[in-house]
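Below is one structure; the comments refer to it alone.
In this note's numbering, the protein residues as written are 13 to 174.
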């Protein structure tokens, strides 16, 4: 069930518009992604890794193998994400976590972490999650050196209207 919902969500993105719309609030989604990811590491008492390496399914114990966009998503998604590897990895992690959550329902509580960045794509924005930075195209740049320490005690932002 979770994997079907995740695949549908990715396939419903208007990939031809991704990166063309720049709206206020995208930076808040990036902030919340980093804050929520820090909370995940704290709650699960895990050693933080760089966000670009944060494969939550694997961190929770999924060692069956990675899931890829090309195995699940439509041609538009695959074509776009093959050109944007820094975005693709996040989508791959999201799909893997959704598949893992079908077998281990407690894992579904963490899907929202990736969905924060997916919301940027759904609204026509774009993000790049690299080893040392998270860029919300034309809106925000978050250097990731010391990211965990900077975001672990941050207050949540109201993103209910995004």
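For every residue, glycine included, the Cβ atom is placed at its ideal position computed from N, Cα and C.
Do you know how far the Cα of residue j is from the Cα of residue i?
| i | j | result |
| --- | --- | --- |
| residue 88 | residue 125 | 24 angstroms |
| residue 111 | residue 25 | 19 angstroms |
| residue 86 | residue 128 | 21 angstroms |
| residue 42 | residue 146 | 8 angstroms |
| residue 168 | residue 15 | 27 angstroms |
| residue 23 | residue 68 | 22 angstroms |
| residue 82 | residue 97 | 13 angstroms |
| residue 164 | residue 155 | 15 angstroms |
| residue 158 | residue 52 | 16 angstroms |
| residue 106 | residue 76 | 15 angstroms |
| residue 93 | residue 99 | 7 angstroms |
| residue 48 | residue 71 | 15 angstroms |
| residue 95 | residue 148 | 17 angstroms |
| residue 55 | residue 137 | 30 angstroms |
Use the C-beta contact count for residue i: other C-beta atoms within 10 angstroms, 16 or more gives buried, fewer gives exposed.
| i | result |
| --- | --- |
| residue 59 | exposed |
| residue 116 | exposed |
| residue 101 | buried |
| residue 130 | buried |
| residue 171 | exposed |
| residue 57 | exposed |
Looking only at C-alpha atoms, which of the options sits nearest to residue i?
| i | options | result |
| --- | --- | --- |
| residue 6 | 153, 84 and 28 | As shown, the chain starts at 13 and ends at 174. That puts residue 6 outside it, with no answer to give. |
| residue 30 | 13, 91, 40 and 123 | 91 |
| residue 66 | 173, 134 and 123 | 123 |
| residue 80 | 138, 109 and 33 | 109 |
| residue 20 | 119, 134, 54 and 138 | 134 |
How about residue i: is its Cβ closer than 8 angstroms to a heavy atom in the ligand ZN?
| i | result |
| --- | --- |
| residue 157 | Ligands displayed in this structure: none; no statement on the ligand ZN is therefore possible. |
Next on the checklist: Restricting to runs no shorter than 4 residues, where is the alpha helix (DSSP H) found entirely within the region 59-83?
Outcome noted: 68-71
Checklist entry - Which ranges would you report for the beta strand (DSSP E) in the region 122-172 if only whole runs of at least 3 residues count? => result 139-141, 145-148 and 152-155
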